[in-house]
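A.B. asks:
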Amino acid sequence: ETNLNRGPLTNFSRDVNYAGNLNENKAGFIKSLIGMGVKVNIFGQVEDWMSILPKDTIKGPKDPSTSLIKEMNKGFGLVWSDGPQNEASYHSYEDYNWQYKVSAYIAAGIVPIVRSGTNVGKWVEKHSLGVVIDELDELPGILSGMSLITYNSYLAAARLTRGKIISGSYTASTILEILTWVRSVYG
1 ETNLNRGPLT NFSRDVNYAG NLNENKAGFI KSLIGMGVKV NIFGQVEDWM
51 SILPKDTIKG PKDPSTSLIK EMNKGFGLVW SDGPQNEASY HSYEDYNWQY
101 KVSAYIAAGI VPIVRSGTNV GKWVEKHSLG VVIDELDELP GILSGMSLIT
151 YNSYLAAARL TRGKIISGSY TASTILEILT WVRSVYG
């Protein structure tokens with residue numbers, strides 16, 4: 001594995017990785033993204049609606065703890081949920097939920113792309129860990145304008161976070177905070 005303190009963690013690429021639930025109501029936006037000319041690598045259980053997508057985009061299901069992180073070794077990781085016409089079927093879910101995807105992408109050493117105004121978006125922006133956008137139609141321009149210097153600056157900011165994610169530091173810290181609170185309330 002690449003040392004967390006030296007060199008890029010991944011190869012620079014404008015590919016966008018998407019892992020997770022591929023139900024059309026949650027991931028149907030992928031059709032629009034591909035229609036905009038974005039190269040997408042899709043990881044997850046294949047659904048019937050995906051038969052219209054280019055075959056080279058579908059990577060199939062992977063074990064999230066091992067092979068998924070190894071295969072997502074370049075480009076970006078998209079944290080997004082919308083239906084086929086980009087309808088906002090899961091926006092409220094994104095507003096309050098902390099999605100597994102952002103941690104998986106950072107652990108894989110790729111730059112996350114997240115929706116602005118969400119908890120994840122605020123955290124990514126605060127720590128300069130990736131790209132924060134309002135709408136998917138912004139993505140082609142952002143990807144084509146992304147320089148190696150900017151990409152590597154996101155990766156550099158993510159190095160400490162990556163170590164904390166892989167080691168379970170965030171989880172341990174949260175459990176400790178909960179236990180401290182319980183003790184303060186219930187003695």
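In our numbering, the protein residues as written are 1 to 187. Ideal Cβ placement from N, Cα and C applies to all residues, glycine included.
#1: Which residues in the same chain as S128 place their Cβ atom closer than 8 angstroms to its Cβ, once the five residues preceding and following it in sequence are excluded?
#2: Can you tell which of S103, V16, P54 and S32 has the C-alpha that lies nearest to the C-alpha of Y170?
#3: Helix, strand or coil for D134, going by three-state DSSP, please let me know.
#4: Where S167 and Y105 are concerned, what is the direct C-alpha to C-alpha distance, given to the nearest angstrom?
#5: How long is the line joining the alpha carbons of G44 and N11, rounded to whole angstroms?
#6: Given a threshold of 16 other Cβ atoms within 10 Å of its Cβ, counted over all protein chains shown, does G109 qualify as buried or as exposed?
#7: Whose C-alpha, out of V131, G187, K126 and E24, is nearest the C-alpha of S147?
#8: Residues in its own chain within less than 8 angstroms of G121 by CB, not counting five upstream and five downstream?
#9: Measuring straight from C-alpha to C-alpha, what distance separates A19 and I175?
#10: My output table needs one value for I110: the three-state DSSP class, helix, strand or coil.
#11: Could you tell me the alpha carbon to alpha carbon distance between S81 and D56, rounded to whole angstroms?
#12: Nearest-angstrom Cα distance between T180 and K26?
#13: My output table needs one value for V40: the three-state DSSP class, helix, strand or coil.
C.D. replies: Quick look at the numbers:
#1: S153, Y154 and A157, listed in sequence order.
#2: Ranked by Cα distance from Y170, the options S103, V16, P54 and S32 are led by S103.
#3: D134 falls in the coil class under three-state DSSP.
#4: C-alpha separation (whole angstroms): 15 angstroms.
#5: A straight-line Cα-Cα distance of about 22 angstroms links G44 and N11.
#6: Buried, by the Cβ-count rule.
#7: Across the set V131, G187, K126 and E24, the C-alpha of V131 shows the shortest separation from the C-alpha of S147.
#8: Result list for G121: V114, R115 and V132, in chain order.
#9: Cα-Cα distance, rounded: 27 angstroms.
#10: Assignment of I110 by DSSP, reduced to helix, strand and coil, places it in the coil class.
#11: Taking the straight line joining both Cα atoms gives about 22 angstroms.
#12: Taking the straight line from one Cα to the other gives about 37 angstroms.
#13: Looking at V40 - three-state DSSP - the assignment turns out to be strand.
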